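Its first residue numbered 1, the sequence shown is counted upward by one per residue in my numbering. The beta carbon of each residue, even a glycine, is placed where N, CA and C say it ideally should be. Quantities reported herein were computed from a predicted structural model and do not represent experimental measurements. Take a look at the structure set out below.
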Amino acid sequence: MPTLESLARNRAALTAALFLLCCAAYASSYLNDFTYDDEPVIVLNPDVENPDLVTIFLDRPFNYRLDYRPLTRLVWALSFRRVNGVADPRPFHVAHLILHATVAVLLFAFLARLGPGRAWAWWSAALFGVHPVYSEAVFNASYLGDTLVAAGGLSAMILLDRVVRSGDAGASWRGLAAMGCAAALFAALLSKETAIYLLPALACQLWWNGGLPYGAALGERLRQVRRTWLTVAFWLLVTGLFLAMMHTATGRLMREQQPKKADVPTIGTSLPVRLYSAAGVTARYARLLVWPVGLSPDYSIPAVLPETSPWSPRVLVGAGLLAALAGGAIAVARRRRDNGPLLLLALFAFPYFLTSNIAFPTFAMAERYLYLPSLGLIPLVLLIASPLVRYARLRPRSAAFLGAALLAVIASTTFRRGFDWFDNYYLFGATVARGQASAKAEHNFALACRNRLALDRAIEHASRALALRPDYRDAATLRASTYELLGKSAEALADYDRIIELGGDHRALSNRGRLRLAKGDASGAEKDFTEALRRSPDYVFALLNRAYLYQQTGELGRARADAARAVEVAEATGDKMLEQARTLLASLTQGERDLQPE
């Protein structure tokens with residue numbers, strides 16, 4: 001690897017340069033708005049704007065997916081502020097940028113203790129810190145959990161290294177380092193549930209790289225584990241505490257999953273198909289790491305389709321790459337008589353297994369899921385490829401210059417990529433413009449267009465979404481509501497008919513009933529409102545609509561009953577239509593009084 005000692009022998013200078021390089025690569029995020037998941041998860045989350053520690057750590061999360069990530073929500077809460085009544089995204093982007101640069105610094109510190117030299121450690125951390133494939137994880141404020149897990153996990157591994165390498169003279173510090181390791185693991189678990197992979201990764205570090213040489217006898221390894229029993233006990237303690245807190249808050253020990261086929265194409269497929277698909281995804285991601293062209297601003301779902309044959313070219317390439325990675329790690333470990341490459345392989349494999357849809361087919365494929373696996377992948381690939389630099393016989397200064405130029409090109413790509421996340425309109429517009437559009441991306445761009453009041457364009461892209469996926473109810477609903485804004489009730493009614501034929505819920509029935517009522521079809525409207533309330537008895541919108549219908553038909557008693565129920569439900573749930581319900585109830589009450597004989 002190129003030696004940095006000729007450029008900067010001071011470790012502090014290397015650390016500062018790494019931190020500033022990462023900040024520069026991601027600086028374009030500062031002026032960006034909230035995008036995609038940020039609004040439902042952060043902006044509309046009452047736990048973020050009005051934080052309460054008991055609520056954040058021990059109550060059911062507001063997040064509609066029931067993710068138990070209290071530390072992530074706490075960082076959001078500390079970053080939240082309003083400017084002129086609008087949530088300000090800048091503190092979130094600054095916090096995320098600084099945290100990502102800190103992760104790169106921690107990776108450098110960990111690798112410097114683990115591997116063959118400071119130069120390899122710095123180049124590995126720098127490439128991780130500026131590579132554009134991870135930009136999705138950093139530019140979105142709502143994806144802070146992955147970055148926090150990385151920071152916590154690397155801190156735990158650095159402290160564990162301190163534990164296992166301290167001799168008897170350092171016994172007084174060993175206990176503090178063990179507690180610090182457990183605290184870092186606990187923080188990672190509280191940041192995102194996928195941090196559970198850190199347990200086997202830390203176990204591998206203790207077993208393979210606990211200050212023992214490659215090929216150490218089984219007895220030596222067992223003595224090492226016994227010597228660090230306190231550290232392992234702390235791991236189990238904080239893991240049990242985390243699971244108890246999660247169960248208290250959510251009533252379950254596993255995340256509630258309600259994925260859609262549009263988000264996760266491997267849902268319902270067999271284990272072999274999921275294995276083939278994971279291998280195919282590996283081939284694609286390997287190409288993106290080497291040649292980061294064609295990165296998707298949105299989820300890369302169109303490029304991640306189920307692989308049904310083990311003989312598919314992508315499957316064969318991906319399986320070959322994984323085999324080469326494992327074989328290379330073993331070969332380097334044997335050559336160097338060092339377990340470090342095996343630990344890096346584990347650091348890649350465990351988080352990648354969790355997010356590859358092999359065991360848990362619930363994750364939408366996205367580049368951001370490479371963030372955690374790449375903590376082990378990039379250093380391992382550079383370590384395996386390091387002989388190529390020696391064979392090239394480059395002088396240290398020339399190699400360092402070429403490496404710096406490569407980092408500058410990669411960092412500038414990441415900087416330019418940040419502008420895709422300026423807001424949802426730019427984000428999904430870039431996806432569509434680059435020919436990477438899925439039905440979901442077309443729908444999301446249509447929604448962004450409607451929010452900008454570009455209604456005709458919204459209908460155009462919602463129609464494209466439906467052309468790509470005719471059963472896409474969200475796109476049909478968006479197009480129907482946009483037709484309503486344009487006053488095209490016939491087209492809107494046709495779309496609501498289509499939605500209900502596709503199994504539409506109570507909302508679609510209520511919307512169709514409202515349109516039927518506006519067209520004078522009181523009988524059809526009553527049937528729709530009644531069916532909507534049969535499916536969802538507390539749906540305030542349908543209660544109010546049916547109350548208005550009964551008011552028009554002169555059935556004031558039935559209208560008043562629906563309005564009273566709407567007020568009751570709205571008061572209990574804090575529904576935004578509470579005042580409208582109260583006004584209608586007051587009007588109906590007064591109308592009944594006026595009709596009573598004196």
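Under the Cβ criterion (8 Å, minimum of three pairs), the region 117-134 does not count as touching the region 172-181. Within the region 474-523, the complete alpha helix (DSSP H) segments of 4 residues or longer fall at 489-501 and 506-518, listed in chain order. Annotation: the continuous alpha helix (DSSP H) that includes Ser277 extends over Leu271 to Val290. Annotation for Asp161: Arg113 place their beta carbon closer than 7 Å to its own, counting only its chain and skipping 5 residues before and after. When the Cα atoms are used, Arg416 and Pro91 turn out to be separated by approximately 21 Å. Comparing C-alpha distances from Arg452 to each of Ala433, Ala441, Thr482 and Ala467 shows the shortest one belongs to Thr482. Going by DSSP, Leu549 is part of the alpha helix (DSSP H) stretching over Val540 to Gln552. Here the alpha carbon of Tyr426 sits roughly 9 Å from the alpha carbon of Ala448. Around the Cβ of Asn45, a 10 Å sphere holds 16 or more other Cβ atoms; the residue is buried. When secondary structure is reduced to three states using DSSP, Arg81 falls in the coil class, being assigned neither helix nor strand.
In the structure shown, Ala349 adopts helical secondary structure according to DSSP, grouped into three states. Within its own chain, the residues whose Cβ lies closer than 7 Å to the Cβ of Asp471, once the five positions on either side in sequence are excluded, are Leu502, listed in chain order. The criterion of a C-beta distance shorter than 9 Å is not satisfied by Ala104 and Leu198. Minimum Cα-Cα distance from Asp88 among the listed residues Leu111, Gly145, Leu74 and Tyr30 corresponds to Tyr30. When the five nearest sequence neighbours on each side are left out, the beta carbons in the same chain lying within less than 8 Å of the beta carbon of Gly418 are those of Tyr26, Ala27, Ser28, Ser29, Asn32, Ser135 and Phe139, in order along the chain. When the five nearest sequence neighbours on each side are left out, the beta carbons in the same chain lying within less than 7 Å of the beta carbon of Ala95 are those of Val75 and Ser79, in order along the chain.
Pairing Ala525 with Tyr143, the inter-Cα distance amounts to about 43 Å. Across the set Ala323, Met246, Leu206 and Thr102, the C-alpha of Met246 shows the shortest separation from the C-alpha of Leu71. The C-alpha of Phe186 is placed about 22 Å away from the C-alpha of Leu344. Apart from sequence neighbours up to five positions away, the residues of its chain that approach Asp59 with a beta-carbon distance below 7 Å are Ala249, ordered along the chain.
The distance from the Cβ of Phe445 to that of Phe428 is about 4 Å, consistent with a contact at the 8 Å cut-off. If you look at Ala441, you'll find it in the alpha helix (DSSP H) that goes Ala439 to Asn451. According to the DSSP assignment, Asn424 belongs to the alpha helix (DSSP H) that extends over Asn424 to Ala433. In this structure, Leu493 places its C-beta atom within 9 Å of the C-beta atom of Arg512.
Asp38 counts as buried, since no fewer than 16 other beta carbons sit within 10 angstroms of its beta carbon.
Sequence-distant partners of Val315 (beyond 5 residues in either direction) whose C-beta falls short of 6 Å from its own C-beta, in its chain, are Tyr276, Ala279, Gly280 and Glu307. In the three-state DSSP reduction, Ala87 falls in the strand class (E or B). The DSSP-derived three-state label of Met157 is helix. Leu321 and Leu377 have their C-alpha atoms roughly 12 Å apart. When DSSP states are grouped into helix, strand and coil, Lys576 belongs to the coil group.
Rounded to the nearest whole angstrom, the CA to CA distance from Asp538 to Arg560 is 15 Å. Of the candidates Ser155, Phe57, Leu478 and Ile158, Phe57 places its Cα closest to the Cα of Leu190. Spatial neighbours of Leu509 in its own chain (CB-CB distance under 6 Å, excluding positions within 5 residues in sequence) are listed in chain order as Asp528, Glu531 and Ala532. By the Cβ-count criterion, Pro313 is exposed, with fewer than 16 other Cβ atoms from all chains shown falling within 10 Å of its own Cβ.
If you check the CB distance, Leu325 and Phe348 come in under 9 Å.
Per DSSP, reduced to three states, the secondary structure at Phe415 is helical.
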